[in-house]
DNA sequence: CCTTGACCTTCCTATCGTTGGAAACTTTAG
DNA sequence: CTAAAGTTTCCAACGATAGGAAGGTCAAGG
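Chains as they are written, first to last, in the UniProt record's numbering: chain B, 1 to 167; chain L, 1 to 167.
Encoded structure:
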């Protein structure tokens, strides 16, 4: 079985199969005389496993651990369960973040006339102080740089400590 | 105001300010005699706008449009509202996707004993056919290569699905 | 004046997962 | 034999961000 067949059978593109091999997620494939990679059904099975895990949002790094557990016939199911639940928790956090964004956007849209006049609270909020919901969501948020018409070049207090605030 | 002050005042890192300038999201900054970029409060205001939009999950590309609308005093508020709602809809789709993942993971975890024995339906499902929820979520999924313990290198129906489906 | 340290400059690299292309080779079908 | 399809490797790009190296600049203090 060449890489194309393996790709179609597993749902992982040939490009990605080579990539997974290069980064060590899967072992080096055996080669035919002409240098073609050859795969058997067990390899396809691994690839399908990988694709399923990617569909569930697991990173390649985590998939490495899952694959190790998969191949370990003496694994404890608790290990896998922990990984799955931890991953689910991470996804939930991401969901909450996105929901806060949606809430803010819809709040702003609801306060926008949506006509042909320029008056638009969405723009105004983005420009002036970020909407309330987003502000609340943000963790260590303090005093949002009120400098406006003022042109003071180096105002007395510098917050935001250069970097590493958010993802 | 130098780039460091602008960064602290706007919440956008100096690295990102230079990047935004390079990709044309913001105009080239004026320079001091020594080549330092200088900013005024209006520039900081733009940066703050950008940061707020990024916090709401807007891509840089969309922010370019938002900035154009911001600077266009004759814009129709409907344009901005449409963008905001379209973006919210996109976020909602993403949320639904993540929720499906969580659902699958928790379903699998609930069926896992989580003890020190190797028996683990999470692994089994990843390996064999992907859990029901994920399968339903996936669109045109068919005939999932049932090849299993068999080790036939080129079994009869490995080219069955020769027709480029999926990416 | 000179040093020190904070700041700024450009340029290069990396991340993560994936896709794209180019140039060359092999296999398969006609 | 030829043409098409498949494969190989290598190189680059995406989006947004972070890190670092090597060097120039500024302000304060001796």
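Note that beta-carbon positions come from the ideal geometry of N, C-alpha and C, so glycine has one too.
It should be emphasised that the depicted structure is a prediction, and the values quoted were computed from it without experimental measurement.
Distance, Cα to Cα, residue i vs residue j?
| i | j | result |
| --- | --- | --- |
| residue 4(L) | residue 109(L) | 48 Å |
| residue 192(L) | residue 35(B) | Chain L is shown from 1 up to 167; residue 192(L) falls before or after that span and cannot be answered. |
| residue 14(B) | residue 90(B) | 30 Å |
| residue 54(L) | residue 22(L) | 17 Å |
| residue 103(L) | residue 117(L) | 24 Å |
| residue 73(B) | residue 120(L) | 11 Å |
| residue 113(B) | residue 107(L) | 44 Å |
| residue 33(L) | residue 24(L) | 23 Å |
| residue 62(L) | residue 52(B) | 32 Å |
| residue 94(L) | residue 60(B) | 20 Å |
| residue 163(L) | residue 41(B) | Unreliable placement is indicated for residue 163(L), whose pLDDT of 30 sits below 50; no coordinate value is reported for it. |
| residue 26(L) | residue 18(L) | 9 Å |
| residue 44(B) | residue 7(L) | 50 Å |
| residue 82(B) | residue 58(L) | 33 Å |
| residue 122(B) | residue 125(L) | 45 Å |
| residue 65(B) | residue 75(B) | 11 Å |
| residue 20(B) | residue 78(L) | 46 Å |
| residue 101(L) | residue 28(B) | 30 Å |
| residue 97(B) | residue 115(L) | 33 Å |
| residue 71(L) | residue 56(L) | 19 Å |
| residue 92(L) | residue 84(L) | 12 Å |
| residue 99(B) | residue 16(B) | 32 Å |
In terms of residues, what are the limits of the alpha helix (DSSP H) holding residue i?
| i | result |
| --- | --- |
| residue 90(L) | 77-110 |
| residue 4(L) | 3-10 |
| residue 14(L) | 14-22 |
Roughly how far, in whole angstroms, is the beta-carbon of residue i from the beta-carbon of residue j, given that I think they are within contact range, below 8 Å?
| i | j | result |
| --- | --- | --- |
| residue 105(B) | residue 87(L) | 6 Å |
| residue 12(L) | residue 50(L) | 6 Å |
| residue 10(L) | residue 69(L) | So it is not a contact: roughly 19 Å between Cβ atoms. |
| residue 38(L) | residue 1(L) | 6 Å |
By the three-class DSSP mapping on this structure, what secondary structure does residue i have?
| i | result |
| --- | --- |
| residue 73(L) | coil |
| residue 37(B) | strand |
| residue 117(L) | coil |
| residue 138(L) | Low confidence applies here, because residue 138(L) scores a pLDDT of 39, under 50, leaving its location unreliable; read the following figure in that light. Coil at residue 138(L), not helix or strand. |
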